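Take full-length UniProt numbering: the final residue in the sequence shown is number 207, and no numbers are missing along the way. For glycine and all other residues, C-beta sits at the position ideal for the given N, C-alpha and C. Keep in mind it's a predicted model, so treat the numbers as computed, not measured.
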Amino acid sequence: MNFNINLILKKILLKNQKNNINNIYLDNYDNNIYTNTKNYTPDMRIYKNNIFKLICPFSKKILYNKTKLKKPFYKKKIVQKIILKIHRTSLTLKRSRVFRYKIITCVGTNRQWVGIGEGKNRLFKRSYSKSVNTAKQNVYNLNFECNDYKQLKYKGCTFKALNMTENRKNLKMYDNLIKVSGYQKIKLVSYSSKTSINVLKSILHNF
């Protein structure tokens, strides 16, 4: 409950002057109850999570409410994270088999920018965390535009961006980028290689 501290201080000072109160002290810190020598209780309530001090000119004492103020809650931007590709390699040794993970991750906040990063490690969690940290540094501002007559080509990958709603056969790599970027979906039709890495490179190159 919000209240004005200045108004409360004025009320307390006026009532104290009328009743000739010379000493005010805090009787109970835990229950936050204020009392005085003349059995007078100020007309106020002490609420938790509010730190303030009352300084009276006729009394050299300072009253505290020792309850700690909670930190204000700041809404953080929701960052979406999607794994675009996981590549696992294994090496067989005499005692055991060792795995190595290569993860490509995209991040975004639905505001037309996309971060893409890659991470490599023997542990899945570490490779994923590395890819997320790298994605936050490599940011692309993608501008998806549809054109029914133009073919987009890049390193053996050819496709069209059609002014149509997406369907089940739409490129999964493209769908994941759209989810984190916030764009409305359009239909991508591939005429050549559908390898995820080639599709990702061609999308970053053409858009």
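Query - Cβ-based neighbour list, Q137, same chain, cut-off 8 Å, excluding 5 preceding and 5 following - result: G115 and G117
**Report entry** Run of the beta strand (DSSP E) containing K160, from where it starts to where it stops
**Finding:** C157 to L162
**Report entry** Residue from L162, K160, K94 and I104 with nearest C-alpha to I197
**Finding:** I104
**Report entry** Close-in-space but distant-in-sequence residues of the same chain around C106 (CB under 7 Å, 5 per side omitted)
**Finding:** I82, L84, V114, G115, I116, A135, N176, L177 and V180
Report task. Identify, in the order they occur along the chain, each residue of the same chain with its Cβ nearer than 6 Å to the Cβ of R95, setting aside the five sequence neighbours on each side. Result -> none
**Report entry** S90 (DSSP reduced to helix, strand or coil)
**Finding:** strand
Query raised in the report: Any idea what DSSP makes of N141, helix, strand or coil?
Result: strand
Query - Rounded separation between S202 and Q151 - CA only - result: 12 Å
Query - Three-way DSSP call (helix, strand, coil) for I46 in this model - result: Legend: pLDDT at I46 = 41, less than 50; position of this residue unreliable, value from coordinates given subsequently. In this structure, I46 counts as coil in the three-state DSSP scheme.
Query raised in the report: According to DSSP, is R126 helix, strand or coil?
Result: helix
**Report entry** C-beta atoms of N141 and Q112 nearer than 8 Å
**Finding:** yes
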